[in-house]
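Q: Sending over a structure as structure tokens; questions will come in a sec.
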Amino acid sequence: MNQHSRFNLPLCLVVEEDIFTRTDEAVKRYLPEIEGKKALIITEKFLHDLYGDIVTEIQADYNNAEVFEVVHADFDEAVSIAKKICIDDIKVVIGFGGGRILDVAKYASYVSKAVYICLPTNLSNDSLASPFAVLGTEGGMRKTLACKIPTAILVDTTMIQKAPQIQTLGGIGDTIGKYTAVYDWALAAQACGKPVDDFAHSIAWMCYDSIAHFDEKNVTSISFLRTLARALVMGGLAMEIAGSSRPCSGSEHLFCHALEEYYPEIKISHGLAVALGTVGAANFQGRDDLKMLEVCRSYGLDLNPASYGIDKELFANIWMRAASTRPDRVTILNNTELNREWLDEIYERMANN
Ligand SMILES: [Zn+2]
Numbered sequence: 364m365n366q367h368s369r370f371n372l373p374l375c376l377v378v379e380e381d382i383f384t385r386t387d388e389a390v391k392r393y394l395p396e397i398e399g400k401k402a403l404i405i406t407e408k409f410l411h412d413l414y415g416d417i418v419t420e421i422q423a424d425y426n427n428a429e430v431f432e433v434v435h436a437d438f439d440e441a442v443s444i445a446k447k448i449c450i451d452d453i454k455v456v457i458g459f460g461g462g463r464i465l466d467v468a469k470y471a472s473y474v475s476k477a478v479y480i481c482l483p484t485n486l487s488n489d490s491l492a493s494p495f496a497v498l499g500t501e502g503g504m505r506k507t508l509a510c511k512i513p514t515a516i517l518v519d520t521t522m523i524q525k526a527p528q529i530q531t532l533g534g535i536g537d538t539i540g541k542y543t544a545v546y547d548w549a550l551a552a553q554a555c556g557k558p559v560d561d562f563a564h565s566i567a568w569m570c571y572d573s574i575a576h577f578d579e580k581n582v583t584s585i586s587f588l589r590t591l592a593r594a595l596v597m598g599g600l601a602m603e604i605a606g607s608s609r610p611c612s613g614s615e616h617l618f619c620h621a622l623e624e625y626y627p628e629i630k631i632s633h634g635l636a637v638a639l640g641t642v643g644a645a646n647f648q649g650r651d652d653l654k655m656l657e658v659c660r661s662y663g664l665d666l667n668p669a670s671y672g673i674d675k676e677l678f679a680n681i682w683m684r685a686a687s688t689r690p691d692r693v694t695i696l697n698n699t700e701l702n703r704e705w706l707d708e709i710y711e712r713m714a715n716n
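Next up, the structure:
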């Protein structure tokens with residue numbers, strides 16, 4: 364069997380203005396079998412209050428679908444929702460929210476074998492279409508769990524325009540991170556004597572290129588948001604094709620994991636932490652880190668670690684501990700002798716850019 368015959372692609376991907384006011388038309392063309400089936404909308408209270416009209420409209424479009432407001436957004440809650448889906452004979456799960464909510468919806472629908480329709484309310488990272496869900500488990504530890512990519516993904520560019528800009532900047536950061544991720548992936552493949560999957564590799568590169576070389580650096584323009592939405596979705600597909608997160612996650616993500624896991628007091632989004640990690644990762648790889656700084660600056664993405672409460676000492680510590688977050692993951696860090704002077708130099712470049 365060809366290795367590629369194993370992957371799942373979404374049946375439907377729509378990126379349009381105001382698509383959330385007519386999700387049923389878009390989806391039912393591709394999934395006529397869900398007509399008349401019981402559906403569950405998974406969201407959170409904050410978004411339900413903020414976008415009450417849209418949620419009501421989606422409810423009406425899917426047989427008065429019940430709305431479930433996620434509270435903890437962890438593994439236990441995802442499993443208990445999956446149980447509810449099975450017991451109540453729900454066949455369609457609609458995730459309406461940002462990364463945490465969508466990961467819960469993705470995992471609950473995977474466990475319960477329901478059709479999953481993904482409606483992101485922001486473009487903060489590429490998990491929306493990835494075949495993984497990251498959920499909190501025992502003692503606040505986060506675990507990456509394999510699951511299925513959504514059956515349908517609908518991105519409403521009007522809604523994304525209304526989302527806080529910092530979230531869109533996060534999506535840019537996660538996409539920029541592919542510059543160093545694909546390099547680390549090739550390095551890891553070489554280390555174990557196996558080739559990388561060329562298609563997943565090309566797709567991840569294209570995601571990066573589409574954002575790094577986009578003409579109009581305006582994070583609220585519809586044409587930019589369409590491109591970013593597609594770049595994030597394609598990142599998910601690259602992971603699906605590769606059968607791992609490697610095309611989208613290298614040493615820049617290890618920096619992000621170290622920050623999230625060892626320094627939870629630093630409040631920074633996933634995508635922005637990845638963008639910060641990309642500068643160091645590119646530098647260790649002997650590549651052009653000034654380009655990273657320039658691309659981020661052109662979008663108004665601030666890469667000064669001090670802006671996020673990260674001083675020189677902390678910055679160095681995060682990098683020193685980065686490799687320990689995923690010891691089985693081969694990246695440039697395996698071949699790099701980090702030292703304080705070098706890390707301070709990178710910090711200065713980021714601070715003074
Ligand atoms: Zn990421």
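Residues 364 to 716 in our numbering are what the sequence shown lists, from first letter to last. The beta carbon of each residue, even a glycine, is placed where N, CA and C say it ideally should be. Since the model is a prediction, treat every value here as computed from it, not as a measurement.
Check whether the region 435-447 and the region 464-480 touch, using three or more Cβ-Cβ pairs below 8 Å as the test.
A: The answer is yes - the region 464-480 touches the region 435-447, with three or more Cβ pairs under 8 Å.
Q: Determine the burial state of H576: buried for a count of at least 16 other Cβ atoms within 10 Å of its Cβ, exposed for fewer.
A: That one is exposed.
Q: Please report the Cβ distance between G533 and L635, rounded to the nearest whole angstrom; I am assuming they are in contact, meaning their Cβ atoms lie under 8 Å.
A: With a Cβ gap of about 5 Å, G533 and L635 count as contacting.
Q: Closer than 8 Å is the cut-off here; do at least three beta carbon pairs connect the region 578-588 with the region 676-683?
A: No: the two stretches stay apart, fewer than three of their Cβ pairs being nearer than 8 Å.
Q: Between the alpha carbons of A554 and N698, how many angstroms are there, rounded?
A: Between A554 and N698, the C-alpha separation is close to 11 Å.
Q: Checking the sheet assignment: what are the DSSP bridge partners for R505?
A: Paired residues: G499.
Q: Is any heavy atom of ligand 1 found at a distance shorter than 7 Å from the C-beta of S612?
A: Yes, the beta carbon of S612 sits closer than 7 Å to at least one heavy atom of ligand 1.
Q: Going by other Cβ atoms of all chains shown within 10 Å of its Cβ, with 16 needed for buried, is H435 buried or exposed?
A: Its Cβ having fewer than 16 others within 10 Å, H435 is exposed.
Q: Which residue comes first and which comes last in the beta strand (DSSP E) that contains E379?
A: C375 to E379 is the extent of the beta strand (DSSP E) around E379.
Q: Terminal residues of the continuous beta strand (DSSP E) containing C510?
A: Element bounds for C510: n/a, residue is neither H nor E.
Q: What are the residues that DSSP puts in a beta bridge with T406?
A: DSSP output for T406 lists E432 as bridge partner(s).
Q: What number of angstroms, rounded off, separates the C-alpha of F431 from the C-alpha of K675?
A: Going from the Cα of F431 to the Cα of K675 covers about 43 Å.
Q: Could you check where the alpha helix (DSSP H) with A350 kicks off and where it finishes?
A: Residue 350 is absent from the structure shown; the chain starts at 364 and stops at 716.
Q: Counting C-beta neighbours from all protein chains within 10 Å, is the total for N365 16 or more, i.e. buried, or is it exposed?
A: Below a pLDDT of 50, predicted positions are generally treated as unreliable, and N365, at 46, falls in that range; the measurement from the model is reported next regardless. N365 is exposed by the Cβ-count criterion.
Q: Going by C-alpha to C-alpha distance, which of A669, E379, D665 and I695 sits closest to T521?
A: Checked all of A669, E379, D665 and I695; the closest Cα to T521 is E379.
Q: Looking at V474 and ligand 1, is the gap between the Cβ and the nearest heavy atom below 7 Å?
A: Not so, every heavy atom of ligand 1 lies at least 7 Å from the Cβ.
Q: Does the Cβ of I695 have 16 or more other Cβ atoms within 10 Å, making it buried, or fewer, making it exposed?
A: That one is buried.
Q: Is M364 helix, strand or coil when you go by DSSP?
A: Reliability fails at M364, whose pLDDT of 39 lies under 50, so the model's placement of it is uncertain and the value that follows must be treated cautiously. Coil at M364, not helix or strand.
Q: Could you check whether the Cβ of H633 sits closer than 7 Å to any heavy atom belonging to ligand 1?
A: Checking the Cβ of H633 against ligand 1 gives yes.
Q: Under the rule that 16 or more other beta-carbon atoms within 10 Å means buried, what is E628, buried or exposed?
A: Under this definition E628 is an exposed residue.
Q: Rounded to whole angstroms, what's the CA-CA distance from D578 to A594? Just pull it up for me.
A: Rounded to whole angstroms, D578 to A594 spans 15 Å at the Cα level.
Q: What three-state label does DSSP hand F370 in the structure shown?
A: The answer is coil: DSSP assigns F370 none of H, G, I, E or B.
Q: Tell me the DSSP secondary structure of A515 in three-state form.
A: If DSSP states are grouped into helix, strand and coil, A515 belongs with the strands.
Q: Report the start-end ranges of each alpha helix (DSSP H) in the region 633-708 that is 4 residues or longer and not cut off at the edges.
A: Fully enclosed alpha helix (DSSP H) runs of 4 or longer: 633-647, 652-661 and 675-685.
Q: Per the DSSP calculation, I457 is bridged to which residue(s)?
A: For I457, which the question treats as bridged, DSSP gives the partners I404 and I480.
Q: Hey, would you say the C-beta of N488 is under 7 Å away from at least one heavy atom of ligand 1?
A: Yes, the Cβ of N488 comes within 7 Å of a heavy atom of ligand 1.
Q: Consult DSSP for D437 and reduce its assignment to one of helix, strand or coil.
A: Residue state, collapsed to three classes: strand.
Q: CB T538 to CB S614, shorter than 8 Å?
A: No, the Cβ-Cβ distance between T538 and S614 is not below 8 Å.
Q: Taking K391 as the reference, which of I421, E501 and G599 has the closest Cα?
A: Here the closest residue by C-alpha is I421.
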